[in-house]
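**Q**
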Ligand code: ADP
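In the working numbering, the protein residues as written are 317 to 563.
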């Protein structure tokens, strides 16, 4: 899908957020960008989204051109919903911006809310929903345009652990059902190990990729109780600690 070659990004403040980042993203990947705060994960995600440009290096899309706005879904740590609008209208927003009426969009908005487990909550406003449910609306809004690429920037970081686990489980089910490509930013080793097929370890000052690890867990669903999950968490922790020692 995308080849990133030796990408660098230095902000006008002088901060070198990324240096020499090379990465190949394949169709259908579930990739985690893992590292401590400030190592350039969000900067890299913004380059992939086309919201920012590298100062050095290149991004080359196999399709020849970058994906259009409807081909990319973006989910942030904060659900960023319109507080006065219903769940349905929040999910309708990206279609509305493309000129689709509420009635014409209803099939898609209701299906997207159903996919994230919110059937029956279409008319609820964000203030009437829990943090986990608000994040589900945010994910439905990202999915309603049927994007090929879903970019997620620490979407579950602000949720309690029980809600986070349920959303992680449901995200994996959605990913398998939809077959889109996911790039998921996180600073949680547990989260990266549980979710991703490919775990990209990043280190700060300047932000770089240290290495990539491939998940040995079954793609059709891992259990948190599986000893292979504990082994993977240990291996990623060790690799991350070694990477940070050498920065
Ligand atoms: P992460 O997502 O891993 O926490 P970021 O990509 O947000 O890291 O940031 C990487 C570094 O770049 C940090 O030191 C951050 O302060 C800096 N940074 C990010 N965005 C900007 C910006 N627009 N201007 C200046 N510095 C920035």
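Heads up, the beta-carbon is just placed ideally off N, CA and C, and yes, glycines get one too.
As the structure is a prediction and not an experimental result, all values here were calculated from the model.
Please state if the CB of residue 483 and the CB of residue 472 are separated by a distance shorter than 8 Å.
**A** In the chain shown, residue 472 corresponds to position 156, counting from 1. In the chain shown, residue 483 corresponds to position 167, counting from 1. Cβ atoms of residue 472 and residue 483: closer than 8 Å.
**Q** With a cut-off of 5 Å, give the chain-ordered residues whose Cβ is closer than this to any heavy atom of ligand 1.
**A** Counting every residue whose Cβ lies closer than 5 Å to a heavy atom of ligand 1, we get 327, 329, 331, 333, 353, 354, 355, 356, 357, 358 and 359.
**Q** Taking the straight line between their C-alpha atoms, what separation do you get for residue 447 and residue 370?
**A** Counted from its first residue, the chain shown places residue 447 at position 131. Counted from its first residue, the chain shown places residue 370 at position 54. C-alpha separation (whole angstroms): 34 Å.
**Q** Tell me the DSSP secondary structure of residue 359 in three-state form.
**A** In the chain shown, residue 359 corresponds to position 43, counting from 1. Note: residue 359 maps to helix in three-state DSSP.
**Q** Could you pull the start and end residues of the beta strand (DSSP E) that residue 338 belongs to?
**A** Mapped onto the chain shown, residue 338 falls at position 22. Its beta strand (DSSP E) spans residues 332-341.
**Q** Specify the secondary structure class of residue 317 as computed by DSSP and reduced to three states.
**A** Sequence index remark: in the chain shown, residue 317 carries index 1 (1-based). It is coil, neither helix nor strand.
**Q** Does the beta-carbon distance from residue 372 to residue 330 come in below 8 Å?
**A** As a working mapping, residue 372 is identified with position 56 in the chain shown. As a working mapping, residue 330 is identified with position 14 in the chain shown. Their beta carbons are not under 8 Å apart, which means residue 372 does not touch residue 330 by this criterion.
**Q** Enumerate, from N- to C-terminal direction, the unbroken alpha helix (DSSP H) stretches of 4 or more residues contained entirely within the segment 475-533.
**A** 477-494 and 505-511
**Q** Grab me the residues of residue 413's own chain with a C-beta within less than 7 Å of its C-beta, minus the 5 sequence neighbours each way, in chain order.
**A** On the chain shown, residue 413 is found 97 positions in, with the first residue counted as 1. Correct list: empty, nothing qualifies.
**Q** Can you tell me where the beta strand (DSSP E) with residue 448 in it begins and where it stops?
**A** Translated into the one-based positions of the chain shown, residue 448 becomes position 132. Note, residue 448: premise wrong, no beta strand (DSSP E); alpha helix (DSSP H) at 447-459.
**Q** Compare the C-alpha of residue 392 against each of 468, 360 and 546 and name the closest.
**A** Position 76 of the chain shown, counted from the first residue, corresponds to residue 392. When only C-alpha atoms are compared, the closest one is 468.
**Q** Based on Cα-Cα distance, which residue from 334, 326 and 328 lies nearest to residue 526?
**A** To locate residue 526, count along the chain shown from 1; it is residue 210. Among 334, 326 and 328, the Cα nearest to that of residue 526 belongs to 334.
**Q** With C-beta atoms as the reference, is residue 399 less than 8 Å away from residue 442?
**A** In the chain shown, counting from the first residue as 1, residue 399 sits at position 83. In the chain shown, counting from the first residue as 1, residue 442 sits at position 126. Yes, these two residues count as a Cβ contact at 8 Å.
**Q** Quick one: what does DSSP say residue 351 is sitting in, helix, strand or coil?
**A** By one-based count along the chain shown, residue 351 stands at place 35. If DSSP states are grouped into helix, strand and coil, residue 351 belongs with coil.
**Q** To which residues of the same chain is residue 513 closer than 8 Å at the C-beta, ignoring the five residues directly before and after it?
**A** Counting from one through the chain shown, the residue named residue 513 turns up at place 197. 345, 346, 347, 530, 531 and 535, listed in sequence order.
**Q** Indicate the three-state DSSP secondary structure (helix, strand or coil) for residue 549 in the structure shown.
**A** In the chain shown, counting from the first residue as 1, residue 549 sits at position 233. Note: residue 549 maps to helix in three-state DSSP.
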